[in-house]
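First residue of the sequence shown: 267, per our numbering; consecutive thereafter. A virtual CB, placed ideally from N, CA and C, is assigned to each residue, including glycine.
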Amino acid sequence: MTSDYFAGLVGAAAQSCYGVCGMATGGTSDSLKTIVLGTNYPDKGVRVTEEDGKLVIELHIKVTYGLNIAAIVRSITHKVKYAVEDATTLKVERIDVYVDDIV
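Listed below in structure tokens is the structure:
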């Protein structure tokens, strides 16, 4: 499985959650990719690393104004963990969600 597969799986699961209006750029490399590739690419706002055989996922999201951010983050955490563990044999150690913008 490739990193693009994981990023696409994680990004799709996160974006399908209520209150998420998009993925945000997660740093300088994401900002450069946005300039070169446009606004949508598989790993925008997603970083997946491995620690001791388990996955650590970092998400940068944009949420809708006026909604409960804690509830949105809980929903994303559960949905992404289920999607990854259901589609692969890998376990998710941790999911860090960063709200970078409120729209």
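- Going by beta carbon distance, what residues of the same chain come within less than 6 angstroms of residue 338, once the five residues before and after it are set aside? For residue 338, where only same-chain residues beyond five positions count, the Cβ hits under 6 angstroms are 285, 329.
- Grab the span of the beta strand (DSSP E) containing residue 268 for me, first residue to last. Where residue 268 is concerned, there is no enclosing beta strand (DSSP E), given that its DSSP letter is neither H nor E.
- Can you tell me the Cβ-Cβ gap for residue 359 and residue 324, rounded? I've got them flagged as a contact below 8 angstroms. At roughly 12 angstroms, the Cβ-Cβ gap does not stay under 8 angstroms, so residue 359 and residue 324 are not in contact.
- What's the call for residue 342, buried or exposed, on a 16-neighbour Cβ count within 10 Å? Buried: at least 16 other Cβ atoms inside 10 Å.
- Query: Which residues in the same chain as residue 362 place their Cβ atom closer than 6 angstroms to its Cβ, once the five residues preceding and following it in sequence are excluded?
  - Reply: Answer for residue 362: 324, listed in chain order.
- Message: Measuring alpha carbon to alpha carbon, tell me which residue in 336, 365, 351 is nearest residue 275.
- Response: Ranking 336, 365, 351 by Cα distance to residue 275 puts 351 first.
- Message: Let me confirm a value: residue 327 is counted as buried when at least 16 other C-beta atoms fall within 10 Å, else exposed. Which label applies?
- Response: Looking at its Cβ environment, which holds 16 or more other Cβ atoms inside 10 Å, residue 327 is buried.
- Since residue 288 sits in a beta bridge, which residues does DSSP pair it with? Answer is 328.
- Message: So for residue 333, helix, strand or coil by DSSP?
- Response: Residue 333: coil per DSSP, three-state reduction.
- Message: Given this structure, state the Cα-to-Cα distance separating residue 340 from residue 332, to the nearest angstrom.
- Response: The alpha-carbon of residue 340 is positioned some 16 angstroms away from that of residue 332.
- Message: As a quick exercise: from 315, 336, 311, pick the residue whose alpha carbon is nearest that of residue 281.
- Response: Closest by alpha carbon: 311.
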